[in-house]
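**Q**
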Amino acid sequence: MARRALVGALAGVALGAVAARAAYAAFRRRPPIGDAETWNRTNHRGEPITLLEGPAFVAGAGAAAAVVPGLPARVRAAALLAAAGAGGLGAYDDLYGVTSSKGFRGHLGALAKGEVTSGAVKIIGIGVTGLAAAALTSRCPADIAVNGALVAGSANLANLFDLRPGRAIKVGLICGAPLLAASVLGDAPAAAAVASLPVGAAAALLPEDLGERAMLGDAGANALGALLGLAATLTLGRPGRLAVLGTVVALTAASEKISFTRVIAGNRVLNRIDMLGRRPVEQAPVH
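Numbering-wise, the sequence shown is residues -19 to -1, 1 to 268 according to mature numbering (1 follows the signal peptide of the UniProt record, and there is no 0).
What follows is the structure, encoded as structure tokens:
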């Protein structure tokens, strides 16, 4: 186990966690845009919930990326771009999006008819952001294309899981932990530092999510996925990256036809993980 990679990983987790909690507390006092009501929504139970967890994740992970040790300048810039780009576009959709069009098919279908939806802007924008982040860390055009697609695809996929309390964060932690371990064991300090950022920030905000006081929204989920995708591009060889990208594409395509929530509820193991830490249906939220 490489000392530098381990130190970078521990520092990234700690910095991401502290910065995310500090950002959440600050945004609860003074939201980044508008007032608290601007960020209030109704969750799956019909209860009020805030989307400020998302900007807090973006700010926390971004601040940690700016100062975490062990990152070359281009990798640091890629991490900041992935977090801020995906998070900013997600926040735009959170605040100004409409639900008349859903999924890739809905948004791109609307675009083909001349209607530019907020979702289409986000899809195109995150695609460009993913390619730009990949261009900072890759040299070969083929790798830039694969890595850019992986960053953008992961950003979108993470958002598809943000439908129940804690789900997107749990998926992020389940995917991020092996990447973090592999980068540390493989003596890759830069990859370890990048992988640690979303893990730390997400873990720190998990209690708010599980308590149904806040949710990631598009801003947080998109940034979470983008950073995990970037970490995968830095950790895995080309065969591994292609395998992960294929899985991301397959799951995204499947989401157009099937309900992830229904699949999870119908599987005993997945449902147990999904319900872990969540309050029972009849329990009122704790504020």
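Idealized CB from N, CA, C, for every residue including glycine.
One question on the structure: do Pro179 and Gly153 come within less than 8 Å of each other, judged by their Cβ atoms?
**A** yes
**Q** My output table needs one value for Thr31: the three-state DSSP class, helix, strand or coil.
**A** strand
**Q** Which residues does DSSP pair with Arg22 in a beta bridge?
**A** Within the DSSP bridge table, the entry for Arg22 names Ile30 as partners.
**Q** Starting from Asn137, trace the alpha helix (DSSP H) both ways and give me its first and last residue.
**A** Pro122 to Leu141
**Q** Span of the alpha helix (DSSP H) holding residue 318?
**A** There is no way to answer for residue 318, as the model of the chain reaches only from -19 to 268.
**Q** Comparing C-alpha positions only, which one of Gly111, Asn140, Ala136 and Leu138 sits nearest to Ala126?
**A** Out of Gly111, Asn140, Ala136 and Leu138, Gly111 has the C-alpha closest to the C-alpha of Ala126.
**Q** Among Ala37, Ala204 and Gly227, which one has its Cα closest to the Cα of Ala185?
**A** Ala37
**Q** Roughly how many angstroms lie between the CA atoms of Gly218 and Glu18, to the nearest whole one?
**A** 45 Å
**Q** According to DSSP, Gly37 sits in a beta bridge with which residue or residues?
**A** Checking the displayed sequence, the identity of residue 37 turns out to be Ala instead of Gly. Looking at the DSSP assignment, Ala37 forms no beta bridge with any residue, so it has no partner.
**Q** When you compare only the Cα positions, how much space is there between Leu76 and Leu70?
**A** 10 Å
**Q** At the level of alpha carbons, what is the spacing between Gly68 and Val132?
**A** If I take the Cα positions, the gap works out to 13 Å.
**Q** Verify whether the separation of the beta carbon atoms of Ala200 and Ala72 is less than 8 Å.
**A** Yes. Within cutoff.
**Q** Rounded to the nearest angstrom, what separates Leu(-9) and Asn203 at their Cα positions?
**A** This sequence places Ala at residue -9; Leu is not what is there. Near 23 Å, if we compare the C-alpha coordinates of Asn203 and Ala(-9).
**Q** Out of Thr233, Ser236 and Leu205, state which residue places its alpha-carbon closest to the alpha-carbon of Gly41.
**A** Leu205
**Q** Less than 8 Å between the CB atoms is what I'm expecting for Leu62 and Ala113, so what's the real figure, rounded?
**A** The distance from the Cβ of Leu62 to that of Ala113 is about 6 Å, consistent with a contact at the 8 Å cut-off.
**Q** Go through its chain and collect everything with a Cβ distance to Pro146's Cβ below 6 Å, but skip five positions before and after it.
**A** Asp190, Leu191, Glu193 and Arg259
**Q** Are Arg55 and Leu(-5) close, meaning C-beta to C-beta below 8 Å?
**A** no
**Q** Check whether the Cβ atoms of Pro170 and Gly(-12) lie closer than 8 Å to each other.
**A** yes
**Q** Buried or exposed, going by whether 16 or more other CB atoms sit within 10 Å of the CB of Gly100?
**A** By the 16-neighbour rule on beta-carbons within 10 angstroms, Gly100 is buried.
**Q** Report yes or no: do three or more beta-carbon pairs, one from the stretch 225 to 235 and one from the stretch 132 to 143, lie closer than 8 Å?
**A** yes
**Q** Please state whether the Cβ-Cβ distance between Ile107 and Gly66 is less than 8 Å.
**A** yes
**Q** Express the C-alpha separation of Gly43 and Gly(-2) in angstroms, rounding to a whole number.
**A** One detail in the question is off: residue -2 reads as Val in this sequence, not Gly. Each residue's alpha carbon lies about 12 Å from the other.
**Q** Hey, how far is the Cα of Leu144 from the Cα of Ser240?
**A** 10 Å
**Q** Using a Cβ-Cβ cutoff of less than 6 Å, which residues in the same chain neighbour Ser236 once the five nearest sequence positions on both sides are dropped?
**A** Leu141
**Q** At a cut-off of 7 Å, is Ala171 close to the ligand ATP when judged by its beta-carbon and the heavy atoms of the ligand?
**A** As presented, the structure is devoid of all ligands, the ligand ATP included, so that no description of it is given.
**Q** Under the rule that 16 or more other beta-carbon atoms within 10 Å means buried, what is Lys238, buried or exposed?
**A** exposed
**Q** Quick one: grab the DSSP three-state call for Ala182.
**A** helix
**Q** Take Glu34 and list the residues in its own chain whose beta-carbon comes closer than 8 Å to its own, dropping the five residues that flank it on each side.
**A** Tyr5, Leu186, Glu189, Asp190, Ala195, Met196, Leu197, Gly198 and Gly201
**Q** Residues in the same chain with beta-carbon distance under 7 Å from Arg(-16), minus the five sequence neighbours each way, listed in chain order, please.
**A** Gly51 and Pro170.
**Q** Specify, as a first and last residue, the run of the alpha helix (DSSP H) that Ile155 falls within.
**A** Arg148 to Leu166
**Q** What's the C-alpha gap between Arg26 and Met256?
**A** 15 Å
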